[in-house]
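One line per chain: the protein sequences are A and B, in this order. Its first residue numbered 1, the first sequence is counted upward by one per residue in this note's numbering. Its first residue numbered 1001, the second sequence is counted upward by one per residue in this note's numbering.
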Amino acid sequence: MAENRETILPSLLKRHEKEILRAWGAEQLRSHALSNLRDDDRARLSGEFLNAFQRAFQTGDPDNIESEQWRQVREFLADLSAEQAKQGATPVEIATFIFSLKQILFRTLEDALSKNPEQFAREIWLATLILDRLGLYTTEMAMKIREDVIARQQTEMLELSTPVVKLWDGVLALPLIGTLDSARTQIVMESLLQEIVRTGSGIAIVDITGVPTVDTLVAQHLLKTVAAARLMGAECIISGIRPQIASTIVHLGVNLGDVTTKATLADAFSVALRRNNLVVTKAAPAVHRKMTDE
Amino acid sequence: MDRIPILKLGEFLLVSVQVDMHDQLAMALQEDLTERIVAAHARGVLIDISALDIVDSFIGRMLGNIASMSRVLDAETVVVGMAPAVAITLVELGLSLPGVRTALNVEKGMELLRRAMDFETGVEGV
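See below:
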């Protein structure tokens, strides 16, 4: 492949820069590359890319776009992908920005090398190779941006979905919403136990009304949480068990053992009050006082 | 060699673990405690592990053993002040210390012991 390195592409790019840029801009519009870009931005970005591309091509190894010479081009494309992906451009649109340069380059090569078909074929292959790599690189970057967003949203969801609330002195509640997996259980367990220590609560109610399904794994996670709370000296009550979930638990053969379970959060709360020797009573009727006021 | 002090409080014994437990120390504690329970005719034992922040399977098992042994010697045993990280570790190790009473802190542990004594002797209140 050594002879492939002798290429006239960089010098060609430099010499015909103006024409290439103009043709490329038109081609981008035709192929709907980055369609939400303003015209002056498009011209500026195209110019910057072509400039960096031409400089990297002069010194860099076209087989290896990971090398130092291509760093500027890579950084430019990474920024471009990130910016465009944030504005809602699809990976296809971003890659088309690069791929639309192909036809322009081929036409320029054709004009320059019409008398030398052998070299023409070689140059075409080289240009295809490098532009394909760069195009795929933009796709990879756009994907990476999306994955970052998804990962961030996941952690945000984890933080949002595990509030420990205090119902009464010495009574905590943990309303669980959504599916429980190992990672979430870990966070739920830690925040519950920490809150137990902080508030010195003797009773914690774990409400699973918002948990859509309970399988053996989820049941085991719940039991672990209950066991850990018990080791610390707090009692756990599991509430909000729906009829279907109760039947699933029995059919799965999960043994909830000596864990106190209640159908609703209200039932669990009244148990918690009873354990703390508290009672809720009706206040004296306010009717009498109201009448005397009038 | 270091030893964990065992304090006598009426008819209860108070053990407060204030250092990192290593294997030798746990063995020594087990030995000392059983001897003290017999010598002092203790009716209740309170083990405070609030300063303990690292446990392994051996220490976890020793804690369980110590509690079970004191119970065999007719002394109610309460383990108090376990840290969240320790509780999670023990549960993950499969050592959920069945049959061992627990409480959040020394105060609540004492209350639990007193209630257990009252229940046994049939005295209401206090």
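For glycine and all other residues, C-beta sits at the position ideal for the given N, C-alpha and C.
- Checking the DSSP bridge columns, you'll see D207(A) partnered with P175(A) and S239(A).
- Along the stretch 1084-1097 of chain B, going in chain order, the ones with a CB nearer than 7 Å to a CB of chain A are P1084, A1087, I1088, L1090, V1091, S1096 and L1097.
- The residues T108, in chain order, have a CB closer than 8 Å to that of E19(A) in the same chain once the five nearest residues on each side in sequence are set aside.
- The DSSP-derived three-state label of E1011(B) is coil.
- Not a single C-beta of chain A is nearer than 7 Å to the C-beta of T1077(B).
- V1072(B) is classed as exposed because its beta carbon has fewer than 16 other beta carbons within 10 Å across all chains shown.
- Under the 7 Å criterion on CB atoms, G200(A) is classed as interfacial with respect to chain B.
- Annotation: the continuous beta strand (DSSP E) that includes E1076(B) extends over E1076 to V1080.
- Closest in alpha carbon position to N64(A), among D132(A), I238(A) and V92(A), is D132(A).
- In the displayed model, L1112(B) falls within a helix according to three-state DSSP.
- With a cutoff of 7 Å on beta-carbon distance, W24(A) and L77(A) are scored as not near each other.
- Using a Cβ distance threshold of 7 Å, I1006(B) and R1043(B) do not count as a contacting pair.
- Two segments are said to touch when three or more pairs of C-beta atoms, one from each, lie closer than 8 Å; by this definition the stretch 235-253 of chain A touches the stretch 204-224 of chain A.
- Excluding its 5 nearest sequence neighbours in each direction, A43(A) has C-beta neighbours in its own chain below 8 Å: L21 and G25, listed in chain order.
- Within chain A, the residues placing a beta-carbon under 8 Å from that of V1080(B) are G233, ordered along the chain.
- Within chain A, the residues placing a beta-carbon under 9 Å from that of L1104(B) are I196, V197, G200, S201, G202, M232, G233 and A234, ordered along the chain.
- Nearest in C-alpha terms to V1079(B), of all of H1022(B), Q1018(B) and G1064(B), is G1064(B).
- In the DSSP assignment, T1102(B) falls outside any alpha helix (DSSP H) and within the unbroken beta strand (DSSP E) covering R1101 to A1103.
- Residues of chain A with a Cβ closer than 9 Å to the Cβ of K1108(B) are, in chain order, G200, G202 and G233.
- Within the stretch 177-193 of chain A, M189, E190 and L193 place their CB atoms closer than 7 Å to a CB of chain B, listed in sequence order.
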